[in-house]
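Asks: One structure follows; several queries about it will come next.
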Amino acid sequence: MIKVFRERWQRWVNRRVPRSDSQSFNQKNIFILPTGAGVVFGILLLVMLITGINYQNSLIYLTTFLLGALFVGAMHQTHRNLSGLQLTLTQPGEGFAGDEVPYRFRASAGKGPAIAIRLSCEDSNLAPFHIPAGQAMDVTLPVPSAHRGYLRPDMVRIETRFPFGLLKAWSWVRPVSPAIIFPRPVAAPDAGSTVEDGDEDSARRPTIGNDNADLRPWREGDLSQRVMWKRYARTGQMVVADWEGEQGNPQWLDFYAFAGADNELRLSYLAWQVLERAKGTTPFGLNLPGQVIEPDQGQAHVTRCLRALAVWGEEPPRDAISAQHGTRWHEAPREKEAAA
Amino acid sequence: MKLTQAFSLGREAVEPANALPSNALLWLIGSFAILLAPQWDRLPIWLVAACGILAVWRWLAQEGRVRLPGRWLRTGIMLVLIAVYVATVQGRFTVDTAASFFVLAVGLKWLETRSTRDFYVLFFILVYLAGVNFLFQQNILWALVNFMAVALLLVGLQVLNAPDLPSDMPSGWRRLGGLLLKTLPVVVLLFVFFPRMAPLWSVPLVSGEARSGISDTMRPGDISNLAQSSERAFRATFGGEMPAYRDRYWRGLVLDYLDGETWRQGREEGFRRPGRIAMDGGVGPLDGREYDVLMEPTDQRWAFALEGSSAVSDNVVEEGDDLFRFRRPADSTMRYRLALDESRSPGNAELSPAERRRFLQLPASGNPRARELARELDQRFSDEGVVDSLLSRFREQEYFYTLRPPAMPEEGIDALLFDQKRGFCAHYAGATTFVLRAAGIPARVVVGYQGGDSGAGDEYLIVRQYDAHAWVEVWLEGQGWVRIDPTAAISPARIESGLRDAVAEEGSFLEDEVLSAQKYGDMAMVQWASLQLDRINYQWQRWVVGYQGQSQMDLMSRLPGGIGMRELGYLTAGIVGAGLLIAGLFSALQLRRGERRDDFQKVLLSWHRACESAGVPVRQGETPSTLADRLAQARPSVTETARRFARMVNSHYYKASSESDGQELRRMRRLLGTMKRQLREASKGRQPHSESGTTS
Chain A
1 MIKVFRERWQ RWVNRRVPRS DSQSFNQKNI FILPTGAGVV FGILLLVMLI
51 TGINYQNSLI YLTTFLLGAL FVGAMHQTHR NLSGLQLTLT QPGEGFAGDE
101 VPYRFRASAG KGPAIAIRLS CEDSNLAPFH IPAGQAMDVT LPVPSAHRGY
151 LRPDMVRIET RFPFGLLKAW SWVRPVSPAI IFPRPVAAPD AGSTVEDGDE
201 DSARRPTIGN DNADLRPWRE GDLSQRVMWK RYARTGQMVV ADWEGEQGNP
251 QWLDFYAFAG ADNELRLSYL AWQVLERAKG TTPFGLNLPG QVIEPDQGQA
301 HVTRCLRALA VWGEEPPRDA ISAQHGTRWH EAPREKEAAA
Chain B
1 MKLTQAFSLG REAVEPANAL PSNALLWLIG SFAILLAPQW DRLPIWLVAA
51 CGILAVWRWL AQEGRVRLPG RWLRTGIMLV LIAVYVATVQ GRFTVDTAAS
101 FFVLAVGLKW LETRSTRDFY VLFFILVYLA GVNFLFQQNI LWALVNFMAV
151 ALLLVGLQVL NAPDLPSDMP SGWRRLGGLL LKTLPVVVLL FVFFPRMAPL
201 WSVPLVSGEA RSGISDTMRP GDISNLAQSS ERAFRATFGG EMPAYRDRYW
251 RGLVLDYLDG ETWRQGREEG FRRPGRIAMD GGVGPLDGRE YDVLMEPTDQ
301 RWAFALEGSS AVSDNVVEEG DDLFRFRRPA DSTMRYRLAL DESRSPGNAE
351 LSPAERRRFL QLPASGNPRA RELARELDQR FSDEGVVDSL LSRFREQEYF
401 YTLRPPAMPE EGIDALLFDQ KRGFCAHYAG ATTFVLRAAG IPARVVVGYQ
451 GGDSGAGDEY LIVRQYDAHA WVEVWLEGQG WVRIDPTAAI SPARIESGLR
501 DAVAEEGSFL EDEVLSAQKY GDMAMVQWAS LQLDRINYQW QRWVVGYQGQ
551 SQMDLMSRLP GGIGMRELGY LTAGIVGAGL LIAGLFSALQ LRRGERRDDF
601 QKVLLSWHRA CESAGVPVRQ GETPSTLADR LAQARPSVTE TARRFARMVN
651 SHYYKASSES DGQELRRMRR LLGTMKRQLR EASKGRQPHS ESGTTS
C-alpha cells in the first residue's frame with residue numbers, strides 16, 4: 001500500500017520535475033511544508049491563544065495574531081526565496097570510486113535574492129549559499145560514489161528554510177548528464193603484459209640509446225611506416241617498432257595481464273597503473289577488450305584512459321538527452337568539452 | 001559499499017560547542033535580557049543573577065574562553081537551582097511562579113544550547129515568556145519593549161538560518177519590517193474581529209505576592225510609607241461632573257477590630273476559589289451618574305468606590321459595610337463601572353446588637369488617658385457633641401499633620417493625643433475611632449484613597465498611592481454612618497488639594513522618589529509630558545488592552561447587520577482565507593509578470609525544443625551559432641534559416657540590432673515558424689537515415 005502510494009508520488013513528482021540538466025523553480029515544482037520547528041511553533045501559537053482567552057488578555061491575542069501572520073508571511077518569503085531560481089548542471093564531475101565526485105552547478109537567482117539555499121544529494125550536503133537578485137553563482141556539490149561507471153544522482157534536492165527555519169521549501173533537479181567514476185586504483189601486482197612479440201627480453205629490457213625499440217605485433221591503427229617490413233619479409237609477422245628515441249618507451253597497460261583477477265579488479269589495477277605512468281613521461285597505451293587507446297602521454301591522455309576504464313562495459317543511464325528520439329548517448333561531445 | 005559507509009560515518013562529526021553562529025546567539029541573549037526587564041521587580045534577585053551568569057558563561061564558551069560544563073556539573077547546577085526555586089516558591093502556584101520557572105528553564109538551557117534544535121527550544125520558551133510578560137505589564141511602553149524582544153528573537157532566527165549573509169543583502173530587520181508591514185492589515189482585522197470568547201476555564205492567579213497599595217491591616221505609619229509612592233492606583237472617568245476634591249473619598253476597606261496597636265478587618269475574608277477572569281467592565285457611554293474605574297492590579301478582591309455607589313458592571317459585587325468586591329482578585333488591570341446613587345444613604349437602619357458589639361470593640365486595657373478623655377466627653381456631650389468636640393480639639397490645639405511622625409512605641413494613642421501631637425492620617429483616624437468607641441459611640445476606620453488629580457485634558461482622574469488615606473465613620477442615631485475626617489480638621493489642605501500642599505512646608509513629599517514626575521509637579525514641562533504619557537496609556541488600556549468580550553460586542557453592534565459571536569467566527573475565517581488568497585494571487589501575478597517579460601527567452605526555448613526533436617541535443621553553454629551549425633549538419637535543408645535565426649539571436653543579445661524589440665521578436669517568430677516547417681518536411685524524408693546514423 002505504502003509502496004504504491006510512494007510510486008504514485010514519485011511519478012507525480014517526476015512529471016513536475018522532468019529530467020533535465022537545467023531546472024528553474026516556480027509554483028509548479030516548489031513544495032513547501034512546515035519544518036518540525038514550524039509544527040511546534042503552530043502548537044505554541046495555539047497555547048498562546050488559549051492563554052489569551054483564559055486570561056482575557058488582548059495583548060497576548062495581539063502577539064498570537066502577529067506571529068501567526070508572520071508565519072504566513074514567512075511562507076511566501078520562503079517560497080519566493082526559491083522561486084525564480086534556476087539551477088543548471090554545468091559539469092558533472094569525475095573522480096575515483098569511493099571518493100566524492102564534484103558536481104558543478106550554476107545557480108542564478110531570479111528577480112529576488114535567493115538566500116540560504118542548500119543543495120543536497122543523498123548524504124551529501126552543501127553549506128547554505130546566497131545569491132543576490134539577478135546574479136549567478138557556481139556551486140560544487142560533492143556526491144559520494146560507490147563504484148565505477150556512470151553516476152547520476154536520481155534527485156538533487158534544493159531546499160531553503162530562510163527566513164525563520166519554520167518552513168522549508170524544496171524542489172529537485174534530476175540531472176541528465178552523468179558523472180564518470182573511475183575505478184578505484186588498486187596497486188597492481190607485477191604482471192607482464194600479454195602484448196608481446198614473443199621475445200620477452202625485447203619488451204622488458206631496459207633500453208639505452210637511440211637504437212632501441214619496443215617491438216610488438218601490428219594492430220589495427222598502427223602507422224604503416226612503423227611496421228618493420230624487413231622483419232615481415234623474414235618471418236611473415238607484422239611487427240611494429242616503437243622507437244624510444246622519438247617518443248619514449250611506450251608501455252602497454254593490458255586488461256589481460258592479470259590472470260585470474262576479476263574484471264573489476266583488473267580495471268582497478270589498470271587505473272592504478274595509469275596513475276603510476278602519469279607520474280613519468282613515458283608514453284603508454286591501454287588495451288581493453290573492444291577498445292584500444294594508443295600510447296600517448298599528458299594529462300588529457302590520462303583522463304581519456306581513466307574514462308575508458310570507467311565506462312568499460314557500462315551502459316550510459318537511460319533517458320539521457322533526447323532519449324525520446326532513440327538516439328544513444330555517446331562520448332564524443334564530452335571529450336570535446338573536456339579538451340576545451 | 002564499504003567505502004561509502006566508512007565515508008558517511010566520517011561525515012557525522014561531533015558537533016562542537018560553537019556549532020551555533022555567534023551572532024545568532026547574541027540576538028537570543030539580548031532578547032532574553034529585554035524579556036527579563038518587565039519582570040525585574042518581581043523576579044527574585046538570585047534568579048536574575050543566576051541567569052545572567054549562565055548566559056555569560058554560554059557566551060564565553062562561544063568565544064572559546066571557557067568550556068561548557070560537563071554532564072555532572074550541569075546536573076549539579078540544575079539540581080541546586082531547582083532546589084532554591086522550590087524553596088522560594090513554597091508550593092504556591094501562580095503565573096508569577098510559573099514565569100520565574102520559565103526564566104529558570106531558559107537560564108539552565110543556556111548551558112545546553114549546542115545545536116540548532118536547542119536554539120529553537122529556547123526560541124519557543126522565550127516567545128511564550130513574552131506572552132506571559134503581558135499578564136504582568138500591559139502598559140504601552142512595556143508592550144513595546146516586549147514586542148521588541150520578540151522582534152529580536154525573529155531577527156535571531158534569520159541570523160541562525162543565514163549566519164553569513166553578505167551585508168549588501170537586506171538585513172534581518174528590513175526583512176522583518178517588510179513582512180510586518182504586509183501582514184499588519186490582517187493582524188489588525190483579526191484583532192478586531194476575532195471572537196473574544198469567555199474564558200474556557202479558571203486559571204491560576206497571575207501573582208500571589210503582595211503589591212504596594214493599601215493593605216487590610218493598619219499600623220500607625222503604614223500609610224505614610226505609601227505616601228512616598230507616586231505609583232498609580234487607579235484612574236476614573238465620570239459620566240457627569242467630577243466630584244469636588246474634598247468629596248473624593250474612595251472607600252476600599254473597613255477596619256473595625258483593634259488588636260493592640262493594629263487595626264484589622266473584623267470579619268476575615270475567607271478563601272474563595274478565584275473565579276474566571278471577567279474583563280467586562282461595562283460598555284457604552286457613561287450616563288450622568290456613572291463612573292468608570294480602571295484599577296491597577298492589587299491582587300486583592302477589593303474595589304474602590306465613592307460613598308453611596310452601586311455596582312453597574314458584573315465584575316463587582318456589593319458586600320457588607322457598603323464595600324465592593326471583585327469575584328476574582330485583581331491580578332491584572334481591572335475595569336469596572338459604578339453609579340453614584342443618592343438614595344442609597346444608609347438612612348435610619350438600626351445596628352444589630354452584634355454589629356454594635358463589633359463597632360465598639362476595644363482592647364481590654366491600654367491608653368488610659370485616651371479612655372479618660374472619652375469618659376469625660378461622654379459625660380458632658382451627646383454623641384454628636386462628642387464628635388464635634390473631638391474634631392474641634394484637633395482643629396484648635398497644636399496638632400500637626402506630618403509625613404515624619406515621631407516614634408510612639410508604647411501607648412501610641414495617648415502619646416499622639418497628649419504628648420507628641422504629630423502624626424499622619426492613620427494615626428489620627430485610629431486615635432479618633434478609639435476615643436469614640438471608648439465613649440460608647442460605634443465607629444470604624446475606613447481605608448482607601450482621598451483625592452486624585454486630573455489627567456491630561458481633564459478627561460479623567462488619576463489616583464496615586466500617595467493619595468492613600470484613612471478616615472473614620474461614626475454611627476449616629478437617626479443619621480446612620482457619618483464620615484468624619486480628623487485629618488481635615490488638622491490639615492484642611494490635605495483634603496482640599498492633596499498631600500503635596502499639605503506637606504509643602506515640610507518638604508517631605510516623595511522625598512525618596514527621585515525620578516517621579518509627580519515630585520516635580522511645579523515644573524510644567526515634566527508635568528505635562530508625564531500627563532500626556534498617562535493619557536496615551538489610558539487610551540491604550542481602555543481600547544486595546546481592554547478590548548474584550550462586551551467591548552467587542554459593543555463595537556460590533558454599531559456596525560450594520562447584527563453581528564454576533566458566530567458571525568464573528570465566520571468573519572475571522574473569511575479574513576484569514578481572504579488574506580491567504582490575496583497573498584497567493586499577488587505572488588502568482590508577480591511570477592506571471594516575470595515570465596511574460598522575457599518573450600525572447602520563450603522563442604529561444606521553442607527553438608531549442610525544435611532542435612532537440614530534430615535529433616540535435618542542445619548542450620550547455622553552446623552559442624546560438626554553433627547550435628545552428630550542428631543543426632545544419634544534421635539537417636542541411638534548414639542551414640540558411642538556422643544561421644539567420646542564430647544571427648538574430650546574437651544581435652538581440654548583444655544589442656547590435658537597430659530594430660525595436662517588438663519588430664525583432666516578430667521576425668524571429670516568423671523565422672522560427674519557417675524553420676520548424678522545413679524541419680518537419682525534412683524529417684519525413686530522412687527518418688530512416690537519421691536512425692541508423694545516430695545509433696551506430
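Going down the list, the sequences are from chains A and B.
Count the first sequence with the UniProt record's numbering and you get residues 1 to 340, in order.
Count the second sequence with the UniProt record's numbering and you get residues 1 to 696, in order.
The beta-carbon is built from N, C-alpha and C at its ideal position, and this holds for glycine as well.
This structure is a prediction, so every number in the text was calculated from the model and none was measured.
Using only CA atoms, which one of A/Gly290, A/Thr51 and A/Leu309 lies nearest to A/Gln273?
Replies: If we check each option's Cα against that of A/Gln273, A/Leu309 comes out closest.
Asks: Is the segment 225 to 244 of chain B close to the segment 461 to 471 of chain B, with three or more CB pairs under 8 Å?
Replies: The segment 225 to 244 of chain B is in contact with the segment 461 to 471 of chain B.
Asks: When Cβ atoms are compared, which residues of the segment 47 to 63 of chain A fall closer than 8 Å to chain B?
Replies: Taking 8 Å as the Cβ-Cβ cut-off against chain B, the residues of the segment 47 to 63 of chain A that qualify are Val47, Met48, Ile50, Thr51, Gly52, Ile53, Asn54, Tyr55, Gln56, Asn57, Ser58, Leu59, Ile60, Tyr61, Leu62 and Thr63.
Asks: Just list the residues that DSSP pairs B/Met334 with in beta bridges.
Replies: Per DSSP, B/Met295.
Asks: Under 8 Å Cβ to Cβ from B/Gly455, same chain only, skipping five residues before and after it: list those, please.
Replies: Once the five neighbours on either side are set aside, the close Cβ partners of B/Gly455 are Arg235, Leu461, Ile462, Leu531, Asp534, Arg535 and Tyr538.
Asks: Could you work out which residues of chain A lie near B/Gln138, taking near to mean beta carbons separated by less than 9 Å?
Replies: Chain A residues near B/Gln138: Asn57, Ser58 and Leu59.
Asks: Taking only beta-carbon atoms, is A/Pro183 less than 7 Å away from chain B?
Replies: No - not a single Cβ of chain B is within 7 Å of the one on A/Pro183.
Asks: Quick check: what's the CA-CA separation for B/Ala682 versus B/Arg630?
Replies: C-alpha separation (whole angstroms): 15 Å.
Asks: Give me the chain A residues within the contact set of B/Leu577, using Cβ-Cβ distance strictly less than 8 Å, ordered along the chain.
Replies: The sequence given here places Gly at residue 577 of chain B; Leu does not occur at that position. Chain A residues near B/Gly577: none, gap ~11 Å exceeds 8 Å.
Asks: Hey, could you find the ends of the alpha helix (DSSP H) B/Gly107 is sitting in?
Replies: It spans Val95 to Trp110 - the alpha helix (DSSP H) in which B/Gly107 sits, taken as one unbroken run.
Asks: Can you tell me whether B/Val463 is helix, strand or coil according to DSSP?
Replies: Note: B/Val463 maps to strand in three-state DSSP.
Asks: Of all the options B/Ala87, B/Leu377 and B/Leu81, which has the alpha carbon lying nearest to the alpha carbon of B/Ala105?
Replies: It is B/Leu81.
Asks: What residue ranges within the segment 248 to 326 of chain A form continuous alpha helix (DSSP H) runs of no fewer than 4 residues, ordered along the chain?
Replies: Taking only runs of at least 4 residues, the alpha helix (DSSP H) segments lying wholly in the segment 248 to 326 of chain A are 263 to 279 and 299 to 311.
Asks: Sorted by chain position, which residues of the same chain lie with C-beta nearer than 7 Å to A/Trp170's C-beta, five sequence neighbours on each side aside?
Replies: Same-chain partners within the cutoff: Phe31, Arg157, Ile158 and Glu159.
Asks: I'd like the list of long-range same chain contacts for A/Leu85, defined as Cβ closer than 8 Å, with 5 residues on each side in sequence excluded.
Replies: Excluding sequence neighbours, A/Leu85 sits near Ser24, Phe25, Ala107, Ser108, Ala109, Gly110, Ala114, Ile117, Ile131 and Ile158.
Asks: Hey, how far is the Cα of B/Leu580 from the Cα of A/Val72?
Replies: Those two C-alpha atoms are separated by around 8 Å.
Asks: Would you list, in sequence order, the uninterrupted alpha helix (DSSP H) runs of no fewer than 4 residues that lie entirely inside the segment 134 to 181 of chain B?
Replies: Qualifying alpha helix (DSSP H) stretches, in chain order: 140 to 161.
Asks: Where do the N-terminal and C-terminal ends of the beta strand (DSSP E) with B/Gln300 fall, by residue?
Replies: First-last for B/Gln300: undefined, no H or E at that position.
Asks: Anything in the segment 153 to 167 of chain A with a Cβ closer than 9 Å to a Cβ of chain B? List those residues in chain order, please.
Replies: If the cut-off is 9 Å between Cβ atoms, the segment 153 to 167 of chain A has Thr160, Arg161, Phe162, Pro163, Phe164, Gly165 and Leu166 near chain B.
Asks: Does A/Pro34 come out as helix, strand or coil in the three-state DSSP assignment?
Replies: If DSSP states are grouped into helix, strand and coil, A/Pro34 belongs with the strands.
Asks: With B/Ala634 and B/Ala646 assumed to form a contact (beta carbons below 8 Å), what rounded beta-carbon distance in angstroms separates them?
Replies: No, B/Ala634 and B/Ala646 are not in contact; Cβ-Cβ is about 15 Å, not under 8 Å.
Asks: In chain B, what lies closer than 7 Å to A/Ile115 by C-beta?
Replies: Within 7 Å Cβ-Cβ: Ala162, Leu165 and Met169.
Asks: Apply the 10 Å Cβ neighbour rule to B/Phe32 and answer buried if 16 or more other Cβ atoms are within range, or exposed otherwise.
Replies: So B/Phe32 ends up on the buried side.
Asks: Judging by CA-CA distance, which residue of B/Val503, B/Arg395 and B/Ala305 is the nearest neighbour of B/Ala233?
Replies: Answer by Cα proximity: B/Ala305.
Asks: Listed from N- to C-terminal order along the chain, which residues in the segment 112 to 144 of chain B have their beta-carbon within a distance smaller than 7 Å of any beta-carbon of chain A?
Replies: If the cut-off is 7 Å between Cβ atoms, the segment 112 to 144 of chain B has Tyr120, Phe124, Val127, Tyr128, Ala130, Gly131, Phe134, Leu135, Gln138 and Ala143 near chain A.
Asks: Output yes if chain B places a C-beta closer than 7 Å to the C-beta of A/Gly198; else output no.
Replies: With a pLDDT of 41 at A/Gly198, under the threshold of 50, the modelled position of that residue is not reliable, and the figure given next carries that caveat. Judged by the 7 Å Cβ criterion, A/Gly198 is not in contact with chain B.
Asks: Report the three-state DSSP secondary structure of B/Phe394 (helix, strand or coil).
Replies: In this structure, B/Phe394 counts as helix in the three-state DSSP scheme.
Asks: Would you please verify whether the beta carbon of B/Ser651 is less than 7 Å from any beta carbon of chain A?
Replies: Chain A contact via Cβ: absent.
Asks: Looking at chain B, which residues of the segment 72 to 90 of chain A have a Cβ within less than 9 Å of any of its Cβ atoms?
Replies: For the segment 72 to 90 of chain A, which is checked against every Cβ of chain B, the residues closer than 9 Å are Val72, Gly73, Ala74, Met75, His76, Gln77, His79, Arg80, Ser83, Gly84, Thr88, Leu89 and Thr90.
Asks: When the Cβ atoms of the segment 238 to 258 of chain B are set against those of the segment 286 to 297 of chain B, are three or more pairs found closer than 8 Å?
Replies: Verdict: yes, contact present.
Asks: Which of the three DSSP states, helix, strand or coil, is assigned to B/Ala374?
Replies: It is helical.
Asks: In the structure shown, what three-state DSSP assignment does B/Asp453 receive?
Replies: Strand at B/Asp453.
Asks: Find the residues of chain A that neighbour B/Trp201, judging by a C-beta separation of less than 7 Å, and give them in chain order.
Replies: Here the neighbours are Asn54.
Asks: How many Å lie between B/Arg669 and B/Gly615 at the Cα?
Replies: Going by the C-alpha atoms only, they are around 21 Å apart.
Asks: Do you know whose CA, among A/Leu46, A/Asn14, A/Val302 and A/Gln56, lies nearest A/Met155's CA?
Replies: It is A/Asn14.
Asks: Using the beta-carbon of each residue, which ones in chain A are nearer than 9 Å to B/Val150?
Replies: Chain A residues near B/Val150: Thr63, Leu66 and Leu67.
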